[in-house]
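Visitor: Residue numbers (the working numbering), protein chains in the order written: chain A, 1 to 215; chain B, 1 to 260. For glycine and all other residues, C-beta sits at the position ideal for the given N, C-alpha and C.
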């Protein structure tokens, strides 16, 4: 279970403060597949960063009773100047995992071959997505935080993600920030819509989607 | 208790991983790799020592000039480099904060440790080489040498804890640090003993935590050939105060840190 209790988040812009989130309550139970909808700049990434503990809320609390991945997106989590292997080794170390096992999984899943010996900053966004997914799947979290843009990979990658995340790990929770109706319909069983700093929850996916469309 | 032990193990893993990462990004894997970390103190201490030997002779105040310079300059490089490396340390390492077990404090600890360990290796190498040539003494009281080193480093680390968060909110700091370090050299005990000064000047420099540490190190190294002045409570007290301020600042800045 992950609970967000009355989260607010301010960002400083020059000398003034902008309140991006104005009091968010959200509970993610094991196995929940939450689609997070909202216009550009509504605070989807901010909320995901707070849930993942990358940034800290201005007020309010995030309680985590289950393990939670870092937010999977094109940014963050990697050191661009290091190779794919070095990043994998770093992540194996800080999460206390066995490196050879993790390495084998990453090699199989990413199919990047010799590219893994190149610095991550030379990777295309699709390649980064493969690496980020492979590493977070190898670590086995209870809850995955996913920025939808990262699901854009080629067909082969999408099928793999689908299989690993939505079939093999059916019992895991997911928070998927997305603009795409299709992926929300395919992957989620409930939706939350962020608008003007507030969150509204819909247990019916289509209801959430129609609210989002009307924004 | 078990929880504390577990947390400690996680932090240890993180610090080791960050250290290896820092060493590979900074020095790469080619040629001598992370041994570069001791190249600078090694070269400087030797060259300045040789230069001074020609300028003022082999011995001054009864101790070998080259040994005196080396023993003062090596701790100084740790101070200068770790201050410099603490600037903007949270911003440049931001991507790693995606992993929740990585704490901002770890970044400061890791960069400081690398500087300090590199300098200790340099000290050992320089000391051994110079001792073989006969211009470096075998430490008279190794305990004082280590204790002095520890106190000096403790203060340097405490100041890093302040510089790191302060540089996040003030850009002027980055420009001011190199100047401040140069101005602070007389207050670091690098190039002189307190006993060589006039009593009035001595009283002033002995308020510096760094001078107290340095005096202990020099006594540990040269023994009764020098007359040290020190009070361990000055570096201990100053470090405690500065570290508490720094830790509070780190905690505060973490709350508002924007991670890309």
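Can you tell which of A:185, A:179 and A:74 has its C-alpha closest to the C-alpha of residue 166 of chain A?
Guide: In the first chain, counting from the first residue as 1, residue 166 of chain A sits at position 166. Nearest option by C-alpha distance: A:185.
Visitor: Output needed in chain order: residues of the stretch 43–60 of chain A with a Cβ under 9 Å from some Cβ in chain B.
Guide: Taking 9 Å as the Cβ-Cβ cut-off against chain B, the residues of the stretch 43–60 of chain A that qualify are 49, 52, 53, 54, 55, 56, 57 and 58.
Visitor: Against residue 260 of chain B, what residues of chain A qualify as contacts under a CB-to-CB distance less than 8 Å, listed in chain order?
Guide: For this step, residue 260 of chain B is matched to residue 260 along the second chain. Under the 8 Å cutoff, chain A gives 75 and 76.
Visitor: Interface residues of chain B around residue 94 of chain A at Cβ under 7 Å?
Guide: As a working mapping, residue 94 of chain A is identified with position 94 in the first chain. Within 7 Å Cβ-Cβ: 13, 14, 17, 99, 101 and 102.
Visitor: Give, in chain order, every residue of the stretch 179–197 of chain B whose Cβ lies closer than 7 Å to some Cβ of chain A.
Guide: Here the close residues number zero.
Visitor: Note the first and the last residue of the continuous alpha helix (DSSP H) segment covering residue 207 of chain A.
Guide: In the first chain, counting from the first residue as 1, residue 207 of chain A sits at position 207. First-last of the alpha helix (DSSP H) with residue 207 of chain A: 205–214.
Visitor: So that I know if they touch, is there some Cβ in chain B lying closer than 8 Å to that of residue 11 of chain A?
Guide: Your numbering for residue 11 of chain A matches position 11 in the first chain. Yes, residue 11 of chain A lies at the interface with chain B (some Cβ there is under 8 Å from its Cβ).
Visitor: Taking 8 Å as the CB-CB cut-off, is residue 90 of chain A touching chain B?
Guide: Taking the first chain and counting its residues from 1, the one referred to as residue 90 of chain A is at position 90. Interface residue, yes.
Visitor: For a cutoff of 8 Å on Cβ pairs, would you count residue 79 of chain A as touching chain E?
Guide: In the structure shown, chain E cannot be found, because the protein chains are A and B.
Visitor: For a contact meaning CB atoms closer than 8 Å, what does residue 82 of chain A contact in chain B?
Guide: Position 82 of the first chain, counted from the first residue, corresponds to residue 82 of chain A. Near residue 82 of chain A (Cβ distances below 8 Å), the residues of chain B are 21, 24 and 25.
Visitor: Give me the Cα-Cα distance between residue 13 of chain B and residue 6 of chain B, rounded to the nearest whole angstrom.
Guide: Along the second chain, one-based indexing puts residue 13 of chain B at 13. Along the second chain, one-based indexing puts residue 6 of chain B at 6. Between residue 13 of chain B and residue 6 of chain B, the C-alpha separation is close to 11 Å.
Visitor: Please list, in chain order, all residues of the same chain as residue 155 of chain B whose beta carbon is under 8 Å from its beta carbon, the five residues on each side excluded.
Guide: Mapped onto the second chain, residue 155 of chain B falls at position 155. Around residue 155 of chain B: 209, 210, 213, 235, 238, 239 and 242.
Visitor: Can you tell me which of B:112, B:38, B:148 and B:130 puts its alpha carbon nearest to the alpha carbon of residue 219 of chain B?
Guide: By one-based count along the second chain, residue 219 of chain B stands at place 219. Of the candidates B:112, B:38, B:148 and B:130, the one whose C-alpha sits nearest the C-alpha of residue 219 of chain B is B:148.
Visitor: Compute the distance between the beta-carbons of residue 116 of chain B and residue 153 of chain B, then report whether it is under 8 Å.
Guide: Against the second chain, residue 116 of chain B aligns to sequence position 116. Against the second chain, residue 153 of chain B aligns to sequence position 153. The answer is yes: Cβ separation under 8 Å.
Visitor: Select from the stretch 37–67 of chain B all residues with a C-beta closer than 8 Å to any C-beta belonging to chain A, and list them in chain order.
Guide: Those would be none; no residue qualifies.
Visitor: Can the beta-carbon of residue 42 of chain B be found less than 8 Å from the beta-carbon of residue 125 of chain B?
Guide: Indexing the second chain from 1 puts residue 42 of chain B at position 42. Indexing the second chain from 1 puts residue 125 of chain B at position 125. In this structure, residue 125 of chain B lies closer than 8 Å to residue 42 of chain B by Cβ.
Visitor: Curious, which full-length alpha helix (DSSP H) runs of at least 4 residues does the stretch 115–198 of chain A contain?
Guide: Qualifying alpha helix (DSSP H) stretches, in chain order: 125–139, 155–161 and 181–187.
Visitor: May I have the straight-line CA-CA distance separating residue 162 of chain B from residue 48 of chain A, to the nearest angstrom?
Guide: In the second chain, counting from the first residue as 1, residue 162 of chain B sits at position 162. In the first chain, counting from the first residue as 1, residue 48 of chain A sits at position 48. Going from the Cα of residue 162 of chain B to the Cα of residue 48 of chain A covers about 30 Å.
Visitor: For a test of the three-state rule: what should DSSP assign to residue 26 of chain A, helix, strand or coil?
Guide: Taking the first chain and counting its residues from 1, the one referred to as residue 26 of chain A is at position 26. Strand.
Visitor: Would you mind sorting residue 201 of chain A into buried or exposed? The rule is 16 or more other CB atoms within 10 Å of its CB.
Guide: Taking the first residue of the first chain as 1, we reach residue 201 of chain A at position 201. Looking at its Cβ environment, which holds fewer than 16 other Cβ atoms inside 10 Å, residue 201 of chain A is exposed.
Visitor: Is there a Cβ of chain A sitting closer than 8 Å to that of residue 76 of chain B, yes or no?
Guide: The residue you call residue 76 of chain B lines up with position 76 of the second chain. Not one chain A Cβ lies under 8 Å of residue 76 of chain B.
Visitor: In chain B, which residues lie less than 9 Å from residue 71 of chain A when you measure between Cβ atoms?
Guide: Taking the first chain and counting its residues from 1, the one referred to as residue 71 of chain A is at position 71. Chain B residues near residue 71 of chain A: 98.
Visitor: To the nearest whole angstrom, what separates the beta carbons of residue 109 of chain B and residue 15 of chain B, a pair I think is in contact under 8 Å?
Guide: Along the second chain, read from residue 1 onward, the residue named residue 109 of chain B stands at position 109. Along the second chain, read from residue 1 onward, the residue named residue 15 of chain B stands at position 15. Contact flag correct, Cβ pair sits at about 6 Å.
Visitor: How about residue 80 of chain A: is its Cβ closer than 7 Å to a heavy atom in the ligand GDP?
Guide: Annotation note on the ligand GDP: not contained in the displayed structure, which lists no ligands.
Visitor: Closer than 8 Å by C-beta to residue 88 of chain B: which residues in its own chain qualify, once you throw out the five before and the five after it? Chain order, please.
Guide: By 1-based counting over the second chain, the position of residue 88 of chain B is 88. Closer than 8 Å at Cβ, skipping near neighbours: 167, 168 and 174.
Visitor: Terminal residues of the continuous alpha helix (DSSP H) containing residue 148 of chain B?
Guide: In the second chain, counting from the first residue as 1, residue 148 of chain B sits at position 148. Run containing residue 148 of chain B: 142–169, per the alpha helix (DSSP H) assignment.
Visitor: Do we get a CB-CB distance below 8 Å when we pair residue 247 of chain B with the residues of chain A?
Guide: Reading the second chain from its first residue, position 247 is the one you call residue 247 of chain B. No, residue 247 of chain B does not count as interfacial toward chain A.
Visitor: Inspect the CB distances between the stretch 115–124 of chain A and the stretch 142–160 of chain A and report whether three or more fall short of 8 Å.
Guide: Judged by Cβ distances under 8 Å, the stretch 115–124 of chain A makes no contact with the stretch 142–160 of chain A, as fewer than three pairs qualify.
Visitor: Strictly under 8 Å for the Cβ-Cβ distance: is residue 164 of chain B near chain A by that measure?
Guide: As a first step, residue 164 of chain B must be located in the second chain, where it is residue number 164. Closer than 8 Å: no.
Visitor: Run through chain A and tell me which residues come within less than 9 Å of residue 95 of chain B, C-beta to C-beta.
Guide: Looking up residue 95 of chain B in the second chain gives position 95. Residues of chain A passing the Cβ test: 75, 76, 77, 78, 79 and 80.
Visitor: If you drop the 5 nearest sequence neighbours on each side, which residues of the same chain put their C-beta closer than 6 Å to that of residue 63 of chain A?
Guide: Locating residue 63 of chain A in the first chain gives position 63, where the first residue counts as 1. Cβ within range, chain order: 3.
Visitor: Is the beta carbon of residue 153 of chain A sitting closer than 8 Å to the one on residue 98 of chain B?
Guide: Start at 1 with the first residue of the first chain, and residue 153 of chain A comes out as number 153. Start at 1 with the first residue of the second chain, and residue 98 of chain B comes out as number 98. Not in contact: residue 153 of chain A and residue 98 of chain B (Cβ atoms no closer than 8 Å).
Visitor: So, do the stretch 142–152 of chain A and the stretch 99–115 of chain A have three or more beta carbon pairs nearer to each other than 8 Å?
Guide: Contact fails: fewer than three Cβ-Cβ distances are below 8 Å.
Visitor: Please name the residue in A:50, A:176 and A:171 whose C-alpha comes closest to that of residue 248 of chain A.
Guide: Residue 248 of chain A lies beyond the stretch modelled for chain A, which goes from 1 to 215, so this question has no answer here.
Visitor: Do you know offhand how far residue 199 of chain B's Cα is from residue 114 of chain B's?
Guide: Taking the second chain and counting its residues from 1, the one referred to as residue 199 of chain B is at position 199. Taking the second chain and counting its residues from 1, the one referred to as residue 114 of chain B is at position 114. Using only the alpha carbons, I get a separation of about 37 Å.
Visitor: Should the stretch 36–44 of chain A be called in touch with the stretch 89–108 of chain A, which here means at least 3 C-beta pairs below 8 Å?
Guide: Short answer: they don't touch.
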